[in-house]
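Protein chains in written order, with the numbering used here: chain A, 16 to 160; chain B, 62 to 206.
Quick look at the structure:
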């Protein structure tokens, strides 16, 4: 595995990063930007970085899916370990949604689940304590340098 | 807390070409989010071509949906969707494309998708949509099909 990141600010095993922002679709780009930065600093290569960027966008969509997210916040938690990166997305403070179908008549979670299944090693979603949480784990291709 | 600001949002129209631009990305200096996205409609070889540039996600996909529905509603059963300048695409975007494809086929037409970037093609492949859409890697190839 090639570490493409050449900066001095490297995330190490045990580091935890948290990002909270209003649960709005136009802010999901923030989640992707932060994911790119953290994945690079955690030593993932450019291919994994692209996979994680896409996967985290899908996590955000899944977390917002069954809720009326307009008044809630999305909290992203990044945990770096020697063998993997664990990312969870939790929707906090939102009410229940009316429908899971998109304006195109497609079940919104089907494509997200397919994308996550292809890009990461483990993923899941559940409702807990009145909040929706989606999570993923992506293992490293090789040992952490 | 992050503040969202649409940097640019303009529309201009002439006889056969319309362009709608929304800028977006992250500006640390101003604390704003900017995301590059534009849609252009034009006629090529008597066929409507919709060219999308930038990132298609939950924030920008509604504009693509509106544009495609408008083109199809004008009586165009077959539409060419040029995604060559697209740099990112998520499940929301795929949902919009599937919805538009259904509309085209209901009218006896087709939605041709033009993709060359392997990162974008990968998303079609992992969701199995390469078997659903007629996909080519250039506009010229659509003309030859």
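Where is the CB? At the ideal position from N, CA and C, for every residue including glycine.
Please read all numbers here as calculations on a predicted model, not as lab measurements.
How many angstroms separate the CA atom of residue 103 of chain A from the CA atom of residue 152 of chain A?
Each residue's Cα considered, the two are about 9 Å apart.
Hey, would you say residue 95 of chain A sits closer than 7 Å to residue 30 of chain A, going by beta carbons?
Closer than 7 Å, so yes.
Decide if the segment 114–122 of chain B is in contact with the segment 130–142 of chain B; the criterion is three or more beta carbon pairs, one per stretch, under 8 Å apart.
Flag = no, the segment 114–122 of chain B and the segment 130–142 of chain B do not touch.
Rounded to the nearest angstrom, how far is the Cβ of residue 179 of chain B from that of residue 140 of chain B, given a contact under 8 Å?
Wrong, their Cβ atoms sit about 24 Å apart, outside the cutoff.
Do the CB positions of residue 47 of chain A and residue 87 of chain A come within less than 7 Å of each other?
Not closer than 7 Å, so no.
Is there a C-beta anywhere in chain A that falls below 7 Å from the one on residue 196 of chain B?
So, not an interface residue.
What would DSSP say about residue 121 of chain B, mapped onto helix, strand or coil?
In this structure, residue 121 of chain B counts as coil in the three-state DSSP scheme.
Beta-carbon within less than 6 Å of residue 130 of chain A's beta-carbon, same chain only, minus the 5 sequence neighbours each way: which residues are those?
Answer for residue 130 of chain A: 73, listed in chain order.
In terms of DSSP beta bridges, what is residue 35 of chain A paired with?
BP columns for residue 35 of chain A point to A/90.
Using C-beta distances below 8 Å, list every residue in its chain close to residue 161 of chain B, excluding the 5 sequence neighbours before and after it, in chain order.
Closer than 8 Å at Cβ, skipping near neighbours: 126, 129, 130, 133, 140, 142, 172.
Output needed for residue 181 of chain B: all residues of its chain with C-beta closer than 7 Å, excluding positions within five of it in sequence on either side, in chain order.
144, 147, 150.
Comparing the CB of residue 75 of chain A with every heavy atom of the ligand MN, is any distance shorter than 6 Å?
Within the structure as shown, the ligand MN is missing, as the structure has no ligands at all.
Taking Cβ positions only, does residue 155 of chain B come closer than 7 Å to chain A?
Yes, contact with chain A.
Could you list which residues in chain A have their beta carbon closer than 9 Å to that of residue 187 of chain B, in chain order?
What residue 187 of chain B touches in chain A: 129, 130, 132, 133, 134.
Can you give, in chain order, each stretch of the alpha helix (DSSP H) that sits fully within the segment 111–177 of chain B and has at least 4 residues?
You should have 122–134, 152–167.
Using only alpha-carbon positions, find the residue among A/144, A/63, A/41, A/77 that is nearest to residue 99 of chain A.
For the residues A/144, A/63, A/41, A/77, the minimum Cα distance to residue 99 of chain A belongs to A/63.
Bridge partners for residue 95 of chain A per DSSP, in chain order?
Note: residue 95 of chain A sits in a beta bridge opposite A/100.
Return the CA-CA distance between residue 157 of chain A and residue 165 of chain B, expressed in angstroms with no decimal places.
Distance between the alpha carbons of residue 157 of chain A and residue 165 of chain B is about 46 Å.
Taking only the alpha-carbon atoms, compute the straight-line gap between residue 150 of chain A and residue 159 of chain B and give it to the nearest angstrom.
So the two alpha carbons sit approximately 26 Å from each other.
Quick check: what's the CA-CA separation for residue 93 of chain A versus residue 57 of chain A?
Distance between the alpha carbons of residue 93 of chain A and residue 57 of chain A is about 10 Å.
Just reading off the alpha helix (DSSP H) that residue 73 of chain A is part of, what are its end residues?
Per DSSP, residue 73 of chain A belongs to the alpha helix (DSSP H) from 61–80.
Could you give the DSSP three-state label for residue 179 of chain B: helix, strand or coil?
Note: residue 179 of chain B maps to helix in three-state DSSP.
Specify, as a first and last residue, the run of the alpha helix (DSSP H) that residue 45 of chain A falls within.
Note, residue 45 of chain A: alpha helix (DSSP H), 43–56.
So which residues on chain B does residue 72 of chain A lean against when the C-beta distance must stay under 7 Å?
The answer, in chain order, is 118, 151.
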